[in-house]
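Following: one structure in structure tokens, then a few remarks.
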Amino acid sequence: MDLAVIGAGHVGLVTSACFAQMGHRVIGVDKEHKVTQLREVDLGLYEPGLEEMVRRQQKEGRLIFTSSIGEAVKASQVIFITVGTPSNPDGSADVSSVEEVAQLIARHLEEYRLIVEKSTVPVRTGEWLKRTLRLYNTRGVEFDVASVPEFLREGSAIKDFLHPDRVVLGVESPRAERLLRELFGPLGAPLVVTDIRSAELIKHASNCFLAMKISYINTIASIAEKVGADVDLIARGVGLDHRIGQEFLQAGIGYGGSCFPKDVAAFIRITEELGYDFRLLKEVEEINRGQRLRLVRKVKEALWVLRNKEVAVLGLAFKPNTDDIRDSPSIGVVQLLVAEGARVRATDPVAIKNARQVLGESVRFCQDPYEAAEGAHALVIVTDWDEYKDLDLARLKAVMAIPVIVDGRNVLEPQVVRAAGFEYYGVGR
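Numbering (our numbering) for the sequence shown: -15 to 413.
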């Protein structure tokens, strides 16, 4: 099938490359400067396996990039909109890019097309999308609108696309349903066919529920600390209940990234506009904000005074296997430490370049944990990269000024760390 994907960010690139891998002909659309980079396989982001997939699919001719929406609309039967929907100051989603793309698609329609919203958007965006397409489609060309929300996790996005738990198809016509079944059926996942509004709500409801699980277990961690219990054992005992599940029950410094914070804020705003006070979700958001402060308080508890102390911070990305620092808890922790007068030495396997743009000269960036730990009064783990789970504790102790580890992700075994001569502070342990 001939497809267009408008917007070559994280979701758009993964969508384009994976559809091409499945054998479809895909046109990716973005601004001219981005297209120039993509043709040279400069993706501007890190996602395991994506660069190789884009390179291969371009070489085999199934994936091309253009800055011309008109070219893409003319050549494609199904058009996916994957542009960004960042947060406005009030927490609502900025859908101006979606509207702009809809206008451009409408002006170039010459025959039937299926336009699919894949960006995370507020409920009822589909109705505005249809209205915009109708108003700017002066020739009255027939079209359908559908919603197929994405559920891609940064760091495992290719796997999530090609082997999804489910695919949600929000449709309003048999023709749109048939086309989408033809596209997504080969993935072998359950197809959940709904109306467009329900599909839009499924996306927000799913992400906000996962955010709620994270804030819930972090609250349990606070209680565990007060009574001397172990949150990891609690999470295992709770998560083995098949009705609950163990995923997203890892205590730590809270969620971050480009999805959960934005989606929680947007859903709160959506429900306010509908006249409903989503107090539960507001508390989820508040608990999450507090986790960064709690971790810094643990560092202060260990060192008494932070001013002029050397603190090594391991991890800057909001999660492992990505260079994304958007709303990263790690960046927030670093900023709080710096504000307290600490001298921060930070490292990350892939996110230093992006972090440098935000943190500037306030932090010394190091190539690895051992360089960061030289002369440090405390080592703080804030992103659970695999390489931080197998640290050479003897080597760390030899280079640190004081043997203190604050484990914000509970990646280390407390008994092992203490046996190596360290003071150990975890979350809820």
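All C-beta atoms in this analysis are idealised placements derived from N, C-alpha and C, irrespective of residue type, glycine included.
Val401 and Val411 have their C-alpha atoms spaced approximately 15 Å apart. Boundaries of the beta strand (DSSP E) harbouring Gly154: Val151 to Gly154, taken from the DSSP string.
Around the CB of Gly28, fewer than 16 other CB atoms lie within 10 Å, so the residue is classed as exposed. For the 9 Å CB-CB criterion, Glu161 and Val151 do not form a contact. Excluding its 5 nearest sequence neighbours in each direction, Val100 has C-beta neighbours in its own chain below 8 Å: Val62, Ile63, Phe64, Ile65, Val129, Ala130, Ser131, Val132 and Leu164, listed in chain order. Taking each of Val105, Ala4 and Ala339 in turn and checking the Cα distance to Lys43, the smallest one comes out for Ala4.
With a cutoff of 9 Å on beta-carbon distance, Val82 and Leu113 are scored as near each other. With a cutoff of 9 Å on beta-carbon distance, Leu146 and Met(-15) are scored as not near each other. Out of Arg329, Ile386, Ser76 and Val280, the CA that lies nearest to the CA of Gly316 is found in Val280. The alpha-carbon of Ala1 is positioned some 14 Å away from that of Leu167. The C-beta distance from Leu298 to Leu194 rounds to 25 Å, too long to meet the 8 Å contact threshold. Taking a C-beta distance under 9 Å as the contact criterion, Tyr239 and Asn292 do not qualify as a contact pair. Checking the DSSP bridge columns, you'll see Ile65 partnered with Ile(-10) and Glu101. Inter-residue distance for Thr109 and Ser60 is about 22 Å (C-alpha atoms, whole angstroms). The alpha-carbon of Asp352 is positioned some 8 Å away from that of Pro333. Phe251: member of the alpha helix (DSSP H) spanning Phe244 to Glu257, first to last residue. Distances from the alpha-carbon of Asp307 to those of Gly241, Ala296 and Asp214 put Gly241 closest. If the five residues before and after Val222 are omitted, its C-beta is found closer than 7 Å to the C-beta atoms of Ile228 and Leu233, all from its own chain and listed in chain order. The beta-carbon separation of Gly392 and Ile237, rounded to 4 Å, stays under the 8 Å limit for a contact. The beta carbons of Lys102 and Val(-5) sit about 7 Å from each other, so the pair counts as a contact at 8 Å. For Gly12, the enclosing beta strand (DSSP E) has its first and last residue at Arg9 to Val13.
Non-local C-beta neighbours of Arg379 in its own chain, meaning closer than 8 Å and more than five positions away in sequence, comprise Tyr354, ordered along the chain. Residue state for Phe232 is assigned as coil, using DSSP reduced to three classes. Ranked by Cα distance from Gln319, the options Glu358, Ala357, Leu277 and Lys282 are led by Leu277. Contact check for Cys192 and Val283: beta-carbon distance about 30 Å, past the 8 Å limit, so the pair fails to qualify.
Where Tyr409 is concerned, the enclosing beta strand (DSSP E) starts and stops at Glu407 to Tyr409. Note on geometry: alpha-carbon atoms of Glu35 and Val25 lie some 7 Å from one another. Spanning the alpha carbons of Glu407 and Ser199 requires a straight line of approximately 26 Å.
Residue pairing from DSSP leaves Asp225 without any beta-bridge partner. Rounded to the nearest whole angstrom, the C-alpha separation of Val57 and Val(-2) is 20 Å.
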